[in-house]
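As you go down the protein sequences, you meet chains A and B in turn. Going by my numbering, the first sequence opens with residue 111, and the numbers climb by one from there. Going by my numbering, the second sequence opens with residue 4, and the numbers climb by one from there. Glycine included, every Cβ here is placed at the ideal spot set by N, Cα and C.
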Amino acid sequence: MSAYIVRRAIYAVFILIGVNLITFALFFKVNTPDDMARLQLGVKYVTPGAIAKWKAERGYDKPLLYNQAATGRHKFTDTIYFEKSLEMFRFNFGRADDGRDIAYEISTRMWPSLALALPVFLVGMLLQITFALMMAFFRATYIDFWGVVLCVLMMSISGLFYIIGGQYLISKLWNLVPISGYATGFDALKFLALPVAVGVIGGIGSGARWYRTIFLEEVGKDYVRTARAKGLSEVVVFFRHVLRNALIPILTGAVVAIPLLFMGSLVAESFFGIPGLGSYTIEAIQAQDFAVVRSMVFIGSVLYILGLLLTDISYTLVDPRVRFE
Amino acid sequence: MPFLPVILWTDALIYLLLAAVALFVWYVRRHEHLRAPWWRVAQSPAAMSALVVLAAFVAVGLLDSVHFRLALPPAAGTQAGRAAPVNVAYAVDVKSVLDLLLSSLANRPERTYSAPLATHAYAKETVAYPAKDGNPARQLRDYPRLKYGGAHLRDPQRDWRADVLLTGFRGVALALPLWLLGSIALVAACTSAQQAVSGEFWRALWRGQTELPWRSILVALALLLLLVVPVALLSARYHVLGTDKVGLDVLYLSLKSVRTALVIGTLTTLVMLPFSVLLGIMAGYLRGVVDDIIQYFYTTLNSIPGVLLIAAGVLVLQVYIETHPDSFPTSAQRADFRLLWLCIILGITSWTGLCRLLRGEALKLRELEYVQAAQAFGVSQWRIMSRHILPNLMHIVLISVVMDFSGLVLAEAVLSYVGVGVDPSMISFGTMINAARLEMGREPMVWWSLASAFVFMLALVLAANLFADAVRDAFDPRVRVGAGKLRFARTQA
Numbered sequence: 111m112s113a114y115i116v117r118r119a120i121y122a123v124f125i126l127i128g129v130n131l132i133t134f135a136l137f138f139k140v141n142t143p144d145d146m147a148r149l150q151l152g153v154k155y156v157t158p159g160a161i162a163k164w165k166a167e168r169g170y171d172k173p174l175l176y177n178q179a180a181t182g183r184h185k186f187t188d189t190i191y192f193e194k195s196l197e198m199f200r201f202n203f204g205r206a207d208d209g210r211d212i213a214y215e216i217s218t219r220m221w222p223s224l225a226l227a228l229p230v231f232l233v234g235m236l237l238q239i240t241f242a243l244m245m246a247f248f249r250a251t252y253i254d255f256w257g258v259v260l261c262v263l264m265m266s267i268s269g270l271f272y273i274i275g276g277q278y279l280i281s282k283l284w285n286l287v288p289i290s291g292y293a294t295g296f297d298a299l300k301f302l303a304l305p306v307a308v309g310v311i312g313g314i315g316s317g318a319r320w321y322r323t324i325f326l327e328e329v330g331k332d333y334v335r336t337a338r339a340k341g342l343s344e345v346v347v348f349f350r351h352v353l354r355n356a357l358i359p360i361l362t363g364a365v366v367a368i369p370l371l372f373m374g375s376l377v378a379e380s381f382f383g384i385p386g387l388g389s390y391t392i393e394a395i396q397a398q399d400f401a402v403v404r405s406m407v408f409i410g411s412v413l414y415i416l417g418l419l420l421t422d423i424s425y426t427l428v429d430p431r432v433r434f435e
Numbered sequence: 004m005p006f007l008p009v010i011l012w013t014d015a016l017i018y019l020l021l022a023a024v025a026l027f028v029w030y031v032r033r034h035e036h037l038r039a040p041w042w043r044v045a046q047s048p049a050a051m052s053a054l055v056v057l058a059a060f061v062a063v064g065l066l067d068s069v070h071f072r073l074a075l076p077p078a079a080g081t082q083a084g085r086a087a088p089v090n091v092a093y094a095v096d097v098k099s100v101l102d103l104l105l106s107s108l109a110n111r112p113e114r115t116y117s118a119p120l121a122t123h124a125y126a127k128e129t130v131a132y133p134a135k136d137g138n139p140a141r142q143l144r145d146y147p148r149l150k151y152g153g154a155h156l157r158d159p160q161r162d163w164r165a166d167v168l169l170t171g172f173r174g175v176a177l178a179l180p181l182w183l184l185g186s187i188a189l190v191a192a193c194t195s196a197q198q199a200v201s202g203e204f205w206r207a208l209w210r211g212q213t214e215l216p217w218r219s220i221l222v223a224l225a226l227l228l229l230l231v232v233p234v235a236l237l238s239a240r241y242h243v244l245g246t247d248k249v250g251l252d253v254l255y256l257s258l259k260s261v262r263t264a265l266v267i268g269t270l271t272t273l274v275m276l277p278f279s280v281l282l283g284i285m286a287g288y289l290r291g292v293v294d295d296i297i298q299y300f301y302t303t304l305n306s307i308p309g310v311l312l313i314a315a316g317v318l319v320l321q322v323y324i325e326t327h328p329d330s331f332p333t334s335a336q337r338a339d340f341r342l343l344w345l346c347i348i349l350g351i352t353s354w355t356g357l358c359r360l361l362r363g364e365a366l367k368l369r370e371l372e373y374v375q376a377a378q379a380f381g382v383s384q385w386r387i388m389s390r391h392i393l394p395n396l397m398h399i400v401l402i403s404v405v406m407d408f409s410g411l412v413l414a415e416a417v418l419s420y421v422g423v424g425v426d427p428s429m430i431s432f433g434t435m436i437n438a439a440r441l442e443m444g445r446e447p448m449v450w451w452s453l454a455s456a457f458v459f460m461l462a463l464v465l466a467a468n469l470f471a472d473a474v475r476d477a478f479d480p481r482v483r484v485g486a487g488k489l490r491f492a493r494t495q496a
């Protein structure tokens, strides 16, 4: 089992290197530092001097991959690829356009993101599973039918409308919680209540429907028929056998999303004014701050690959067949 | 009037798509095993009602995909009697057939916001009243009359309600004969003439017992016509869904958004489809090093968060547009190029799922006897992949294309909000929502833009979801087994 995990971990490192190369190509080769400087300084009235100055300030004035002018190992280290791209593996992201240290920003902003994303994930999943369980238990009845109709209806509504509707109804009309903002400590509760509720409701439709199909697939299996044949009641069959077995694909499938919770949600955070990584990313995209976008791409990939690794591990834990492969 | 046809990139791809769909239909009609699942789709009432709605949206989208530039009238000073000049100047703005049809909507801008069906503006302004009936001329803070909305009414306070109701009733009255004609034409076109004139058939239709769910189709058509015809009549004299900040008719904006949504929903999957099919089959069938490389490739791409990859791609495009202004003679062409680019980038982020599915299925298929028989006969690998594997994977491709559609339409709105969606000058649901978001804070609230975008999107996405579900149920063998069990459970209960 450990050999399998080590193999997967090594594979993960190779994928990370691939991501690193793709982002490097996208941000420095396709889109040269000169282009960035021109976009930042205004396209029309820009002098070569201004571009050179902009590049020197940010350390973009070096060769991309190989520095002919330097000596020894500096031929490779004194390049944009080494300083801007490889350094990210040490979580050294450099500075944003406003001069702040990106690594510091990320380390402070990921907590508000997590404070929003974790409750949405946990509560949402609990509700989705409960709802799916209800539909699957009463399968082929009107409860099931209308449940699916409701799910399809809810997943046909854009997430933006849930946010806008929630803000209008709860904050503006009923004045229950503030429209947007954030505070630390227990004050955060009143700011987080609405975003969490909106996030949970927005995810129910697709989630519950998906889990329902997993439950139904499980209900059709042979061991369920065996359980019925030995005279167990439908409730016992369902909650002791089907639920437990169906939870395996559900939980292992959810593991991949856990590390990404740190990234937060782009739209919800910017609508509700929560100073997390999602709103940081949006601000960077809108200000065309390439250094920040590049760092977020890298962090996001690291977290996703971590999620894949955790999925592999959880599979080896719950499914013995993987261990012996 | 002379015009210069303009074929935008996405137009060309849409025509190509239409041709492909026509070819596909022709192919399916000739093959019994392909006809059977489509026949199952056709028997689903929900799917066929959804198809009626989808067809209406597609019609709007197609009308909006035929573009041209109208010729400008000859410059003042040239004499009318002279022969037409050789060099006709064409207008800079690119129009579509839909623009022509809706010209009464598009060319009646108000100054700013106005509520649906309103006769007066939304905010008070200083209005000058001329001297009348002994009152002296004066200036008042009042709601000014709209320039076009309800301009034919002499006394809006008194006549407005009656006029709107009367027009609405006229629309309903017009919709009914249209519906009857349409129903008869539709039934006649789809069934044999012998059936269409038999009373037995129509009685079965009334009871909902026909083989195709004709009753649902006709009810959906009736509802659609009852909605469209009165709105069409009303929109000749009012702004049925109000106007937005710069006074543009919201109904016009909503209808124009349909094409953007359809393009994003269809072209995105189709742009990357050849790659994902080819790579998926190659990885699954050839295995070994090829499999490793392809798996590595799509896992790497998949690891990059989708939104950020799209953001990076769009930033790259912005730089390209800024540095190559000559490649885009009109702003419509620029916006269109950005739309296409968005489709490509979205496709790059989303093709990996399909590729993985196809790889898994190809892995299973290659072990089956008929493939091994082909190998034993010495059929080339390329031919096995294209003749024996590919046709047996097409149902997965079809399900994936149909299921992705609604998600992509929803994604467009979110991306436009983030600032990496379509060009700001392009009318889309995303830009509409984005612009309307801040209007909720106004007093009194401007709700109609948001509500229109909501209703149009919901109708489109819901119809697409319902149709996609039916297609999946008909084509996915796993689901069909499950459905059989459901029916079994019901007979037991």
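Query raised in the report: Going by Cα to Cα distance, which pick from B:Y151, B:S99 and B:S431 is closest to L66 of chain B?
Result: The residue given as residue 66 of chain B occupies position 63 in the second sequence. Checked all of B:Y151, B:S99 and B:S431; the closest Cα to L66 of chain B is B:S99.
Query raised in the report: Where does Y93 of chain B fall in DSSP's three states?
Result: Taking the second sequence and counting its residues from 1, the one referred to as residue 93 of chain B is at position 90. Residue state, collapsed to three classes: strand.
Query - Start-end ranges of the beta strand (DSSP E) lying completely within the region 181 to 213 of chain A, minimum 3 residues - result: none
Query - G410 of chain A and L376 of chain A closer than 9 Å at C-beta - result: Counting from one through the first sequence, the residue named residue 410 of chain A turns up at place 300. Counting from one through the first sequence, the residue named residue 376 of chain A turns up at place 266. No, these two residues do not count as a Cβ contact at 9 Å.
Report task. Could you check which residue in B:Y323, B:L270 and B:A58 has the C-alpha nearest to that of A223 of chain B? Result -> On the second sequence, position 220 is the one that residue 223 of chain B refers to. A223 of chain B has its Cα closest to that of B:A58, out of B:Y323, B:L270 and B:A58.
Query raised in the report: Who are F6 of chain B's beta bridge partners in DSSP?
Result: Numbered from its first residue, the second sequence carries residue 6 of chain B at position 3. The partner list for F6 of chain B (beta bridge, DSSP) reads B:L73.
Report task. Could you run through the region 357 to 383 of chain A and flag, in chain order, every residue whose CB is less than 9 Å away from some CB of chain B? Result -> L370, M373, L376, V377, S380 and F381
Report task. Please go through the region 348 to 415 of chain A and give each complete alpha helix (DSSP H) segment of 4 or more residues, from N-terminal end onward. Result -> 353 to 365, 376 to 382 and 387 to 396
Query - Boundaries of the alpha helix (DSSP H) in which T115 of chain B is found, first to last residue - result: The sequence position of residue 115 of chain B within the second sequence is 112, counting from 1. Neither: T115 of chain B is in no alpha helix (DSSP H) and is coded neither H nor E.
Query raised in the report: Under a CB-based cut-off of 9 Å, is R404 of chain A close to chain B?
Result: Within the first sequence, the letter at position 294 stands for residue 404 of chain A. Taking Cβ atoms only, chain B reaches closer than 9 Å to R404 of chain A, which makes this a yes.
**Report entry** Residues of its chain near K150 of chain B, where Cβ-Cβ distance is below 7 Å and the 5 sequence neighbours each way are ignored
**Finding:** Walking along the second sequence from the start, residue 150 of chain B turns up at place 147. So the list reads E113, once near-sequence residues are dropped.
Query raised in the report: Which runs of the beta strand (DSSP E) fall wholly inside the region 123 to 186 of chain B and span at least 3 residues, in chain order?
Result: Counting only runs of 3 or more, we get 128 to 132 and 141 to 145.
Query raised in the report: Who pairs with S99 of chain B in a beta bridge, going by DSSP?
Result: Translated into positions along the second sequence, residue 99 of chain B becomes position 96. The partner list for S99 of chain B (beta bridge, DSSP) reads B:H70.
Query raised in the report: Between F457 of chain B and chain A, is there a C-beta pair that is closer than 9 Å?
Result: In the second sequence, counting from the first residue as 1, residue 457 of chain B sits at position 454. By this cut-off, F457 of chain B is an interface position.
Query - Residues of the region 256 to 268 of chain A with Cβ closer than 8 Å to any Cβ of chain B, in chain order - result: V262, L263, M265, S266, I267 and S268
Report task. Thinking R362 of chain B and G283 of chain B are a contact (beta carbons under 8 Å), I'd like their distance in whole angstroms, please. Result -> Against the second sequence, residue 362 of chain B aligns to sequence position 359. Against the second sequence, residue 283 of chain B aligns to sequence position 280. R362 of chain B to G283 of chain B, Cβ: 5 Å. Contact.
Query raised in the report: Given that a residue counts as buried once 16 or more other Cβ atoms are within 10 Å of its Cβ, and exposed if not, what is K172 of chain A?
Result: Taking the first sequence and counting its residues from 1, the one referred to as residue 172 of chain A is at position 62. Buried, by the Cβ-count rule.
Query - Coarse secondary structure for D297 of chain A, derived from DSSP in three states - result: Your numbering for residue 297 of chain A matches position 187 in the first sequence. The answer is helix: DSSP assigns D297 of chain A an H, G or I state.
Query raised in the report: Given V365 of chain A, which residues of its chain have a CB within under 8 Å of its CB, disregarding the five upstream and five downstream residues?
Result: Numbered from its first residue, the first sequence carries residue 365 of chain A at position 255. If we look at V365 of chain A and ignore the five residues flanking it on each side, its Cβ neighbours are G417, L420, T421 and S424.
Query raised in the report: So which residues on chain A does T326 of chain B lean against when the C-beta distance must stay under 7 Å?
Result: Mapped onto the second sequence, residue 326 of chain B falls at position 323. In chain order: D145.
**Report entry** chain A contact residues for P147 of chain B, given Cβ-Cβ distances below 7 Å
**Finding:** Residue numbering aside, residue 147 of chain B sits at position 144 when the second sequence is read from its first letter. Neighbours of P147 of chain B on chain A: none; closest Cβ ~28 Å, over 7 Å.
Query - Near-chain A residues of the region 25 to 57 of chain B (beta-carbon distance less than 7 Å), N- to C-terminal order - result: none
Query raised in the report: Leaving out the 5 sequence neighbours to the left and right, which residues in its chain are closer than 6 Å to N305 of chain B when beta-carbon positions are compared?
Result: Here residue 305 of chain B refers to the residue found at position 302 when the second sequence is read from its first residue. Hits under 6 Å: T355.
**Report entry** Below-9 Å beta-carbon distance, I190 of chain A vs any chain B residue
**Finding:** The residue you call residue 190 of chain A lines up with position 80 of the first sequence. Answer no: the Cβ-Cβ gap between I190 of chain A and chain B never drops below 9 Å.
**Report entry** Whole-angstrom distance between G422 of chain B and W221 of chain A, CA atom to CA atom
**Finding:** If you number the first sequence from 1, residue 221 of chain A lands on position 111. If you number the second sequence from 1, residue 422 of chain B lands on position 419. Each residue's Cα considered, the two are about 25 Å apart.
**Report entry** the region 334 to 346 of chain B touching the region 11 to 30 of chain B, judged by at least three CB pairs closer than 8 Å
**Finding:** yes
**Report entry** Sheet register partners of T246 of chain B (DSSP bridge)
**Finding:** Residue 246 of chain B sits at position 243 when you count from the first residue of the second sequence. T246 of chain B pairs with B:S117 and B:D252.
Query raised in the report: Taking the C-alpha atoms as reference points, what is the distance between G424 of chain B and L345 of chain B?
Result: In the second sequence, counting from the first residue as 1, residue 424 of chain B sits at position 421. In the second sequence, counting from the first residue as 1, residue 345 of chain B sits at position 342. Approximately 7 Å, taken between the alpha carbons.
**Report entry** CB of I351 of chain B within 9 Å of CB of M275 of chain B, strictly
**Finding:** In the second sequence, residue 351 of chain B corresponds to position 348, counting from 1. In the second sequence, residue 275 of chain B corresponds to position 272, counting from 1. In contact: I351 of chain B and M275 of chain B (Cβ atoms closer than 9 Å).
**Report entry** Residue environment, K282 of chain A, which counts as buried when at least 16 other CB atoms sit within 10 Å
**Finding:** For this step, residue 282 of chain A is matched to residue 172 along the first sequence. Around the C-beta of K282 of chain A, fewer than 16 other C-beta atoms lie within 10 Å, and the residue is accordingly described as exposed.
Requested in this report: To the nearest angstrom, report how far apart F203 of chain A and D211 of chain A are at their CA atoms.
Outcome: By 1-based counting over the first sequence, the position of residue 203 of chain A is 93. By 1-based counting over the first sequence, the position of residue 211 of chain A is 101. Approximately 8 Å, taken between the alpha carbons.
Query raised in the report: A378 of chain A and P305 of chain A: beta carbons closer than 9 Å?
Result: Indexing the first sequence from 1 puts residue 378 of chain A at position 268. Indexing the first sequence from 1 puts residue 305 of chain A at position 195. In this structure, P305 of chain A lies closer than 9 Å to A378 of chain A by Cβ.
Requested in this report: For chain B, find out if any of its Cβ atoms is closer than 9 Å to the Cβ of D429 of chain A; answer yes or no.
Outcome: Translated into positions along the first sequence, residue 429 of chain A becomes position 319. Chain B, which has no Cβ nearer than 9 Å to the Cβ of D429 of chain A, makes this no.
Query - Three-state secondary structure (DSSP) of R85 of chain B - result: Walking along the second sequence from the start, residue 85 of chain B turns up at place 82. A caution first: R85 of chain B carries a pLDDT of 49, below 50, which makes its placement in the model too unreliable to give a value.
Requested in this report: Below 6 Å CB to CB, which residues in the same chain sit around I127 of chain A once its five sequence neighbours on both sides are set aside?
Outcome: Working through the first sequence from its first residue, we reach residue 127 of chain A at position 17. Closer than 6 Å at the Cβ level, and outside the excluded window around I127 of chain A, lies no residue.
Query raised in the report: Are G152 of chain B and L236 of chain B closer than 9 Å when you measure CB to CB?
Result: Position 149 of the second sequence, counting from 1, holds the residue named residue 152 of chain B. Position 233 of the second sequence, counting from 1, holds the residue named residue 236 of chain B. It is not a contact, given that the beta carbons lie outside the stated cut-off.
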